[in-house]
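Visitor: The structure follows.
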Amino acid sequence: KKRALFVLSQLEADDAMNVVLETAKSSREPELRREAIRMLGISGRKTAIEALAGLYASSNSAEEKRGVIEAWLIADREDLVLKSARDESDPAVRRKAIETLGAMGASDELRQLFDSTKDADNRRTIIHSLGVAGNTTALASIAGNTSLPQNERIEAMRSLGIAGDHGGDKAL
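For the sequence shown, my numbering gives the first residue as 2, with consecutive numbering after it.
This is the structure we're talking about:
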């Protein structure tokens, strides 16, 4: 079934993509649903990405939402991942979106999110994700900002160490 999904997702036919989409929406097998979601991201087709956004919005499953975020990572859709990082109410899903932004190298988006977020756990995740993204400028700015809480400044220094290959050592 997984191989069939892969083949269908590679075809340019709308009917084939509809089968993959229907599997993502309604398959009774969770593993097959996850694979269909992934295949929609791999396809990168506009209709598939729109379908993923609809699936994300209608889902109550944190696992399914994390799968959609991973599909958006594959499809290189920073805009949709950022929307999830801003708007998601489930802390675990929101954390996944923030971490995904780091993996995507979305430094500017992470910095904007840091400036607009008040939640301490989310800010810590954003700082770590800035390290993964290699944004040493933003991390050095956070580390040197004495108006920020000390624990955030320390986390920024630690994340500079993570970003060592991107100039973090020099900033430290």
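C-beta atoms are modelled at their ideal positions from N, C-alpha and C, and glycine is treated no differently.
Pop quiz: residue 96 and residue 126 are said to be a contact at Cβ under 8 Å. What is the actual Cβ separation, rounded to whole angstroms?
Guide: In the sequence shown, counting from the first residue as 1, residue 96 sits at position 95. In the sequence shown, counting from the first residue as 1, residue 126 sits at position 125. Between residue 126 and residue 96 the Cβ distance is about 5 Å, and since that is below 8 Å, they are a contact.
Visitor: Identify whether residue 118 lies in helix, strand or coil by the three-state DSSP scheme.
Guide: Translated into positions along the sequence shown, residue 118 becomes position 117. Three-state DSSP puts residue 118 in coil, outside helix and strand.
Visitor: Could you check which residue in 137, 120 and 88 has the C-alpha nearest to that of residue 108?
Guide: Taking the sequence shown and counting its residues from 1, one reaches residue 108 at position 107. Per the Cα distances, 137.
Visitor: What span of residues does the alpha helix (DSSP H) with residue 13 cover, start to end?
Guide: On the sequence shown, position 12 is the one that residue 13 refers to. Note, residue 13: premise wrong, no alpha helix (DSSP H); not H, not E.
Visitor: Using CA coordinates, which residue listed in 90, 122 and 86 is at the minimum distance from residue 111?
Guide: For this step, residue 111 is matched to residue 110 along the sequence shown. Among 90, 122 and 86, the Cα nearest to that of residue 111 belongs to 86.
Visitor: Just reading off the alpha helix (DSSP H) that residue 44 is part of, what are its end residues?
Guide: Along the sequence shown, read from residue 1 onward, the residue named residue 44 stands at position 43. Where residue 44 is concerned, the enclosing alpha helix (DSSP H) stretches over 31-44.
Visitor: Taking only the alpha-carbon atoms, compute the straight-line gap between residue 50 and residue 71 and give it to the nearest angstrom.
Guide: Within the sequence shown, residue 50 is the residue found at index 49, counting from 1. Within the sequence shown, residue 71 is the residue found at index 70, counting from 1. So the two alpha carbons sit approximately 12 Å from each other.
Visitor: What first and last residue would you give for the alpha helix (DSSP H) that runs through residue 164?
Guide: For the purposes of this step, residue 164 is identified with residue 163 of the sequence shown, where counting begins at 1. First-last for residue 164: undefined, no H or E at that position.
Visitor: For residue 4, does the count of other Cβ atoms within 10 angstroms reach 16, so buried, or fall short, so exposed?
Guide: Along the sequence shown, read from residue 1 onward, the residue named residue 4 stands at position 3. When all chains shown are included, residue 4 counts as exposed.
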